[in-house]
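Below is one structure, written out as structure tokens; the observations come after it.
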Ligand code: C2E
Ligand code: MG
Ligand code: MG
Ligand code: MG
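Numbering (UniProt numbering), first residue to last: 692 to 966.
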């Protein structure tokens with residue numbers, strides 16, 4: 692009896708495993724088709740200076756799925772990373788983000804930098820080529836495009852990362868460290884990477900008011916960044932209290948739902964436009 696039950700369980704497990712695998716394969720082919728059919732688009736979220744000026748817009752991928760509606764990255768980035776499709780998605784995002792930047796320039800806001808997230812699988816020697824392709828011969832003013840890398844992407848092969856980044860810096864690109872504080876970056880390397888900004892992870896900002904150690908972490912990141920001559924961007928600012936706290940401690944830029952959800956550029960342009 693026990694044996695039979697064990698086998699049934701194994702069969703049930705096997706079936707569940709097969710469904711998971713086949714659903715994943717299904718999703719991979721849907722993403723591939725979606726990329727070909729142009730179902731992906733960008734939402735933008737502003738990064739504000741403490742006095743309320745838009746310093747940057749972060750491009751965030753969205754998938755307008757024909758049946759499931761507008762999907763956020765949690766639904767497709769993991770499967771893109773596993774399958775290598777992130778490289779194709781990344782190329783699309785770079786190209787589209789730079790195209791949207793041209794509209795920003797036409798609206799008189801060449802001063803607003805564009806930030807683009809880069810995954811580990813994209814962060815190879817091919818990235819240089821991909822950026823050049825996306826630029827399409829157009830010059831890039833220094834600082835106009837920032838690439839956001841996580842600590843794990845940087846620390847995987849630090850020497851290689853530095854080399855790759857230097858080549859991109861020559862194209863006018865800057866770098867920030869996304870989700871800072873959640874990974875394991877070495878302070879020794881932090882100063883060797885050509886980075887401009889640390890983005891304080893949302894998890895520390897979230898409980899700023901309630902959790903003394905989170906407040907201490909935010910304060911330390913700001914001090915560390917400034918000591919290394921780096922800027923700071925706080926992610927996930929949702930309350931007025933968080934905004935005030937971060938501003939009072941010299942955080943350079945703030946980003947979060949307090950100013951709204953990520954939106955298509957069209958929705959943001961009217962307030963950005965400068966005559
Ligand atoms: P991220 O780069 O850390 O982006 C910030 C995420 O936090 C975004 O989620 C944004 O909508 C969300 N967020 C912003 N402010 C708040 C807030 O006040 N409260 C809360 N709870 N959340 C806030 P989203 O758009 O779902 O993106 C999730 C992640 O997916 C991004 O995290 C990034 O790692 C990845 N991602 C998005 N677009 C791309 C892309 O084009 N390429 C790559 N490689 N990754 C991407
Ligand atoms: Mg980011
Ligand atoms: Mg982040
Ligand atoms: Mg993230």
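Idealized CB from N, CA, C, for every residue including glycine.
Since the structure is predicted, the reported quantities are computational estimates derived from the model, not experimental observations.
Inset, instruction - Kindly indicate which residue of 875, 833, 732 has the alpha-carbon position closest to the one of residue 849. - result: 875
Inset, instruction - Starting from residue 958, follow its DSSP beta bridges and name the residues at the other end. - result: Looking at the DSSP assignment, residue 958 forms no beta bridge with any residue, so it has no partner.
Inset, instruction - May I ask you to check if the CB of residue 892 is nearer than 7 Å to at least one heavy atom of ligand 2? - result: no
Inset, instruction - Kindly list the residues whose CB is nearer than 6 Å to the CB of residue 751, restricted to its own chain and excluding five residues on each side of it in sequence; keep chain order. - result: 734, 953
Legend entry - Alpha-carbon spacing of residue 938 relative to residue 741, whole angstroms: Approximately 6 Å between the Cα atoms of the pair.
Inset, instruction - Would you mind working out which of 851, 919, 776, 893 sits nearest residue 930, comparing C-alpha positions? - result: 893
Legend entry - Whole-angstrom distance between residue 716 and residue 769, CA atom to CA atom: 13 Å
Inset, instruction - Closer than 6 Å by C-beta to residue 890: which residues in its own chain qualify, once you throw out the five before and the five after it? Chain order, please. - result: 867, 869, 871, 924, 926
Inset, instruction - Locate the alpha helix (DSSP H) running through residue 910, then write down its first and last residues. - result: 903-918
Legend entry - Whole-angstrom distance between residue 774 and residue 747, CA atom to CA atom: 31 Å
Inset, instruction - Count the C-beta pairs between the region 752-760 and the region 789-802 that are closer than 8 Å, then say yes if the count reaches three, no if not. - result: With the cut-off at 8 Å, the region 752-760 and the region 789-802 do not touch.
Inset, instruction - Consult DSSP for residue 809 and reduce its assignment to one of helix, strand or coil. - result: coil
Inset, instruction - Within its chain, find whatever has a CB closer than 6 Å to the CB of residue 852; leave out the 5 residues flanking it on each side and keep chain order. - result: 845.
Inset, instruction - Quick one: using the 10 Å Cβ neighbour count with 16 as the cut-off for buried, is residue 962 buried or exposed? - result: Its Cβ having fewer than 16 others within 10 Å, residue 962 is exposed.
Inset, instruction - Tell whether a beta-carbon distance below 8 Å holds between residue 922 and residue 882. - result: no
Legend entry - Reduced DSSP secondary structure (H/G/I, E/B, other) of residue 732: strand
Legend entry - Alpha carbon of residue 885 to alpha carbon of residue 877, nearest angstrom: 14 Å
Legend entry - 8 Å Cβ cutoff met for residue 813 and residue 777: Yes, these two residues count as a Cβ contact at 8 Å.
Inset, instruction - Below 7 Å CB to CB, which residues in the same chain sit around residue 857 once its five sequence neighbours on both sides are set aside? - result: 885
Inset, instruction - Pick helix, strand or coil for residue 803, following the three-state DSSP scheme. - result: coil
Legend entry - Residue from 940, 933, 908, 840 with nearest C-alpha to residue 949: Closest by alpha carbon: 933.
Inset, instruction - May I have the straight-line CA-CA distance separating residue 900 from residue 919, to the nearest angstrom? - result: 26 Å
Inset, instruction - Please list, in chain order, all residues of the same chain as residue 780 whose beta carbon is under 6 Å from its beta carbon, the five residues on each side excluded. - result: 771
Inset, instruction - Say yes only if the C-beta of residue 904 is nearer than 7 Å to one or more non-hydrogen atoms of ligand 1, and no if none qualify. - result: no
Legend entry - residue 689 vs residue 895 beta-carbon contact at 8 Å: As displayed, the chain neither begins before 692 nor continues past 966, which places residue 689 out of reach and without an answer.
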